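Visitor:
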Amino acid sequence: MSKKAILAVILACLAGSAGAAEFRPETMGVATLDRAPGPNWIWANDFTFGFMPDGRTYLLDAGSGEFLGMMSTGSMFLKLDIPADRKVIYNAATYYERVVRGKRTDVINIFDPKTLDVIGEIPIPPKRLTSIPTLINSGITNDQRFLVLYNMTPAQSVSVVDLANRRLASEVITPGCAMTLPGERRFRMLCADGTLLSVELDAEGREARRARSAPFFDPRKDPLTEKPVRSGDQWWFASFGSMIQPLDLSAEVPRFLPAWSLLGDADRAEGWRVGGIQHLGVHDKSGRLYALMHQGGPDTHKDPGTEVWVYDLATRKRVQRIALRDPATSILITPADEPLLIAMLIGVPNVEVYSATTGQHQRTIGEIGHTVAFLQNY
Amino acid sequence: MSKKAILAVILACLAGSAGAAEFRPETMGVATLDRAPGPNWIWANDFTFGFMPDGRTYLLDAGSGEFLGMMSTGSMFLKLDIPADRKVIYNAATYYERVVRGKRTDVINIFDPKTLDVIGEIPIPPKRLTSIPTLINSGITNDQRFLVLYNMTPAQSVSVVDLANRRLASEVITPGCAMTLPGERRFRMLCADGTLLSVELDAEGREARRARSAPFFDPRKDPLTEKPVRSGDQWWFASFGSMIQPLDLSAEVPRFLPAWSLLGDADRAEGWRVGGIQHLGVHDKSGRLYALMHQGGPDTHKDPGTEVWVYDLATRKRVQRIALRDPATSILITPADEPLLIAMLIGVPNVEVYSATTGQHQRTIGEIGHTVAFLQNY
Amino acid sequence: MKTFDRWIENSARGMARRTSRRHLLTRLGGLLAGSAMALPLLPVARGEGATRVPLPLDADVEGDAGDPTKCEYWRNCAIDGYACACCGGTPTSCPPGSELSRITWIGTCRHPVDGRDYVVSYNDCCGKSPCGRCQCNRNEGDRPLYLPAKSNDINWCQGTKSNIYHCTITAVIGQAVEG
Amino acid sequence: MKTFDRWIENSARGMARRTSRRHLLTRLGGLLAGSAMALPLLPVARGEGATRVPLPLDADVEGDAGDPTKCEYWRNCAIDGYACACCGGTPTSCPPGSELSRITWIGTCRHPVDGRDYVVSYNDCCGKSPCGRCQCNRNEGDRPLYLPAKSNDINWCQGTKSNIYHCTITAVIGQAVEG
């Protein structure tokens, strides 16, 4: 009470007003999120490019259009890391003593999903890559024990964070390799020579052993983007040339499944290609892959898409074309039985919600952030 | 070098290219502002309402439209305090350990006007009022010795900062009075009962004595806004009812000069009134007062203005009406011989520049900030 | 009375402005504060077991005046900031993870159905990034900063762990009486 | 090749997009770094006393390709960020008070007058709030993050006192050779 001076002021004019009706005042409080997350609850991650220190993520029910809350996620925000039990939510955060200058401090923030408030921090080396956000900037190992976070200073490494003991476990040095794809108690990285680096962790989160695959793509001829989607240990990458490269990362030895093209000859003739910031989506139950497509030449790999093309993963055939009402740079498919397709154009604060099955536009959720680039399912 | 890993990588493909033409690479560097500030250099202060931790001010040459640079001014930014010799620039800044949470630290930032970089800090109590910015949130005494800063927690006080010794001099407790109008080695405050509080400082910046004026306006009937302009020790306040109250604060005893109306009967009949966030301007040499006017009823005192009305301060007659191309909430008159009228509408990132003499629109300087509310001459 | 709501959105729409005229009750409003234990401390006469004078339901209000996510919402007559109802809160609840400030300013808004004037407490919710949705600025009864109890230009995130402003709630804490 | 520049401004204008097609030199580009003493360390052949191959003046370039404040400026072919020329800097100078990062990515842009390809170093300027002006995103030769030397998605404020990004300069550091 000494610091928080609280004044008890009753207005004389009111206290003395004889005619005041009796009225029970409304109770004020703070909302909590007691409901279990729904299948269409999504996080819209805003890296606030023009206001970089004030990153935040917005929690939306895409099914109802409801804005459920937000979390302040620090400078140069990339993404959330959500454990399987969803009992807490993590994000790798950077803070400067004077907003844009002074001492840098990096931590893993720990949020309570019911209050959306920070309940703890785990200190980490101030080395994490800051970039346009992707799924594979960081992740949690399948055994839920470690959070792996890609660093670049420009030296390349991975911070391994022990989530059980809430401390840094180790830093794994990984020259020539980038990003981090978590597996059982391991992670993989994409290397500049088109190989995959696998790092197995021991029970303390230190490197147990590493292995490097043979090249499985040619970064010169047709680079894979660093923007995959995953379903469990199955991963799909798109290439600049609109090939899909599936990876099965369930076992210690990665399996490189045959690549296939999103395009037919007619599509190629019309100049269609995959592009955007978050340009793939996947829906488990229906076995569908979604790709954000536009017409353009070389170097248009980040251009907004105008259509979303839908593929049956079993047959690798396109089964649908969804014409977007507005161009988009990021898409997400929700895991609902009747999945939704979420689409955003960076810099435009509108979350566009479509049925992922019919392609019909359902709603616009407006006033969502500054530069939302990466969408996540809860 | 240990922390900053610097790699020296020469691309093999280039190093070995026999046909490379000889070419002297361009030199890279960092610009400095070696020119003396021009009479049309202005600061557009952005309190970044939606990204409150990342306040900044933009330095513009309104005469040329040039963007000269910017300074990062911390959370909940209000205004700059610029000493007469312009050898440094100050701003009262707030920082949180974790951008929006954690320990609060308040300082006076000291900027070098040539590099626009912070060269020092003076710690102050973490009590300053944060609000829509005005001229009288803070100021420097005429003798250039002290910076006075209004606090509200909600307890009301003024921090007196010793600029010569770069430390807090004192905190003056001022219940019932707000804002701070600096004078020779003193400051005044506006009190809730319509009086003016004068506080004289001693050589150490402590309160030497205080005096309270008789009421000079009726805050119930026609409150003065807290948005005055000044020229030296002459101050002009507008009231909700579009009266102008001039104050002569040059001596220890304030002089309350006769109030006069911005409106004639015809203006009143048409519903004209003064309004906006920064709604007055003054030009010394020509003795002109500028008022931002709109048509509206009671409670429209913050509405955007559509015209700027110009008055001769000697005769108190309106001499000109300037129709704005776009509505504005803030105006500023530059001190140039041919003054410019700067106008902005909060939330719209366009600085509109007009001739203050002819009223002609001269240029738009675009992409200036998020919520610029307070404009300052250099 | 014209208001200028949702600065940024409206600028894109050419400053579409809304009209909702009425006279203000200058006698009302004041610096409301309660202790953490007993919130709110009321500036209106009441008793614990007082017969409740029912507030008409928002559902009974026609149009935007009954919609807490609109600047035209009847309780928003003196708001200056983001309406919490658009931010994961309600007119009486801060969004998850924000902190309710007990120090506040008060407005008096006329209910469009019963025609009565109610005292609205504009408490700020604090400690997380500004919400950014439903920016509203209406100024019925707003007064300058030297009359703090009546000023909506003040950041009322005071007495809270952090003074960063998130959004504003609009709880009805009493019925106002002209006189 | 389509580019999408100035996200926000363009979205208001309905995503007006600009076209500037040409093939890219994938052989060029790389992680440029110099010591603080000798900047830049060049990835092209040169000598101290080398005869200067003059770069055509911007004034000789027609239209926006000669204007450093435009996304269409010829040097901007692989920029992703705010052009420092709009922020108080120039194509070769960071704005006052920002810090030049020595670690960078490289693009190869064809000069519209002499038809030659030049190596452009996209150095970021760091340590103050993002400039917010002239947001440009063009991706000629841009490659994924695992090829860092060629990736404009990376925040190249590295090795600087602060990693907060302010804007990007576009210095010409060499002439490129196809082969």
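Chains as they are written, first to last, in my numbering: chain A, 2 to 379; chain B, 2 to 379; chain C, 440 to 618; chain D, 440 to 618.
For each residue, glycine too, the CB sits at the ideal point set by N, CA and C.
Computed from a prediction, not measured in an experiment: that's the story for all the values here.
In whole angstroms, give me the CA-to-CA distance for S262/A and S160/A.
Guide: Rounded to the nearest angstrom, the two C-alpha atoms are 35 Å apart.
Visitor: Is T131/B buried or exposed, if buried means 16 or more other CB atoms sit within 10 Å of its CB?
Guide: The residue in question, T131/B, is buried, as its Cβ has 16 or more Cβ neighbours within 10 Å.
Visitor: Measure the alpha-carbon distance for L61/A versus I43/A and round it to whole angstroms.
Guide: Whole-angstrom Cα-Cα distance: 5 Å.
Visitor: Could one say the Cβ of C526/D lies closer than 8 Å to chain B's Cβ atoms, at least one of them?
Guide: With 8 Å as the cut-off, C526/D counts as an interface residue toward chain B.
Visitor: State the start and end residues of the unbroken alpha helix (DSSP H) segment that holds A165/A.
Guide: Segment: none, A165/A is in no alpha helix (DSSP H) and carries neither H nor E.
Visitor: Should I174/B go down as buried or exposed, given a rule of 16 or more other Cβ atoms within 10 Å for buried?
Guide: So I174/B counts as exposed.
Visitor: Which residues, in order along the stretch 44–66 of chain B, keep a beta-carbon less than 7 Å from a beta-carbon of chain A?
Guide: So the close ones are T49, F52, P54 and D55.
Visitor: Please identify the residue among G527/D, S540/D, N578/D and P493/D whose C-alpha is closest to the C-alpha of E511/D.
Guide: For E511/D, the nearest C-alpha among the options comes from N578/D.
Visitor: Along the chain, where does the alpha helix (DSSP H) that runs through A374/B open and close?
Guide: Counting along the chain, A374/B falls outside any alpha helix (DSSP H), though it belongs to the beta strand (DSSP E) covering V373 to N378.
Visitor: Taking only beta-carbon positions, decide if G370/B is within less than 8 Å of chain D.
Guide: For G370/B, the answer is yes, since a Cβ of chain D falls inside 8 Å of its Cβ.
Visitor: Around the Cβ of E227/A, are there at least 16 other Cβ atoms within 10 angstroms (buried) or fewer (exposed)?
Guide: Per the 10 Å Cβ criterion, buried.
Visitor: For D144/B, name the three-state secondary structure that DSSP assigns.
Guide: In the structure shown, D144/B sits in coil (DSSP, three-state: anything other than H, G, I, E or B).
Visitor: Could you give the DSSP three-state label for N594/D: helix, strand or coil?
Guide: DSSP places N594/D in coil when its eight states are reduced to three.
Visitor: Take V275/B as the anchor and find which of G233/B, W236/B, I332/B and E253/B has the nearest alpha-carbon.
Guide: Per the Cα distances, I332/B.
Visitor: Identify the contact partners of I334/A in chain D, using a Cβ-Cβ distance below 9 Å as the criterion.
Guide: Residues of chain D passing the Cβ test: none, with the nearest at roughly 22 Å.
Visitor: Note down the Cα distance separating D203/B from R186/B, rounded to an integer number of angstroms.
Guide: Taking the straight line from one Cα to the other gives about 8 Å.
Visitor: So what's L136/B in DSSP terms, helix, strand or just coil?
Guide: Correct three-state label for L136/B: helix.
Visitor: For the beta strand (DSSP E) that contains A267/B, what are its first and last residues?
Guide: Element bounds for A267/B: not the beta strand (DSSP E) but the alpha helix (DSSP H), D266 to A270.
Visitor: What's the C-alpha gap between A165/B and G370/B?
Guide: Those two C-alpha atoms are separated by around 33 Å.
Visitor: Would G527/D pass as a contact of G51/B if the rule is Cβ separation under 8 Å?
Guide: Not closer than 8 Å, so no.
Visitor: Which residue spans inside the stretch 52–80 of chain B form an unbroken beta strand (DSSP E) run of at least 3?
Guide: Taking only runs of at least 3 residues, the beta strand (DSSP E) segments lying wholly in the stretch 52–80 of chain B are 56–62 and 67–75.
Visitor: From the DSSP output, in three-state form, read off P587/C for me.
Guide: Here P587/C sits in helix by DSSP.
Visitor: Leaving out five residues on either side along the sequence, give the residues of the same chain with a beta carbon under 6 Å from the beta carbon of Y312/A.
Guide: For Y312/A, where only same-chain residues beyond five positions count, the Cβ hits under 6 Å are L290 and R319.
Visitor: Who are the Cβ neighbours of W310/B in its own chain at under 6 Å, not counting the five residues just before and after it?
Guide: Within the same chain, W310/B has close Cβ partners A292, M294, R319 and R322.
Visitor: Answer yes or no: does any C-beta atom of chain C fall closer than 8 Å to that of T106/B?
Guide: T106/B does not count as touching chain C.
Visitor: Whose C-beta lies closer than 8 Å to the C-beta of D213/A among residues of the same chain, with five residues either side of it excluded?
Guide: For the record, residue 213/A in the displayed sequence is Arg; it is not Asp. Here the set comprises C192, T196, L197, L198 and S199.
Visitor: Per the contact definition of three or more C-beta pairs closer than 8 Å, is the stretch 591–611 of chain C in contact with the stretch 531–539 of chain C?
Guide: They touch, by the three-pair rule.
Visitor: Hey, out of P587/D, C516/D and C548/D, whose CA is closest to V558/D's CA?
Guide: Residue C548/D is the option with its Cα nearest to V558/D.
Visitor: Rounded to whole angstroms, what's the CA-CA distance from A260/A to P216/A? Just pull it up for me.
Guide: One C-alpha to the other measures close to 14 Å.
Visitor: Just the C-alpha distance for R364/A and H284/A, rounded to the nearest angstrom, thanks.
Guide: Whole-angstrom Cα-Cα distance: 20 Å.
Visitor: Pick from T316/B, L281/B, G288/B and K286/B: whose alpha carbon is nearest that of H302/B?
Guide: With distances taken between Cα atoms, H302/B lies closest to L281/B.
Visitor: Given a limit of 8 Å on CB to CB distance, which residues of the stretch 70–82 of chain A reach chain C?
Guide: Under the 8 Å Cβ criterion, the stretch 70–82 of chain A contributes G70, M71, M72 and S73.
Visitor: Taking one C-beta from the stretch 134–142 of chain A and one from the stretch 598–607 of chain D each time, how about it: are there three or more such pairs within less than 8 Å?
Guide: Short answer: they don't touch.
Visitor: Kindly indicate if chain C contains any beta-carbon less than 8 Å away from that of F24/A.
Guide: Taking Cβ atoms only, chain C reaches closer than 8 Å to F24/A, which makes this a yes.
Visitor: With 16 as the cutoff for other CB atoms within 10 Å, does I120/B come out buried or exposed?
Guide: Burial call: exposed.
Visitor: Does the stretch 104–113 of chain A come close enough to the stretch 565–583 of chain C that 3 or more CB-CB pairs lie under 8 Å?
Guide: Result no; under three Cβ-Cβ pairs closer than 8 Å.
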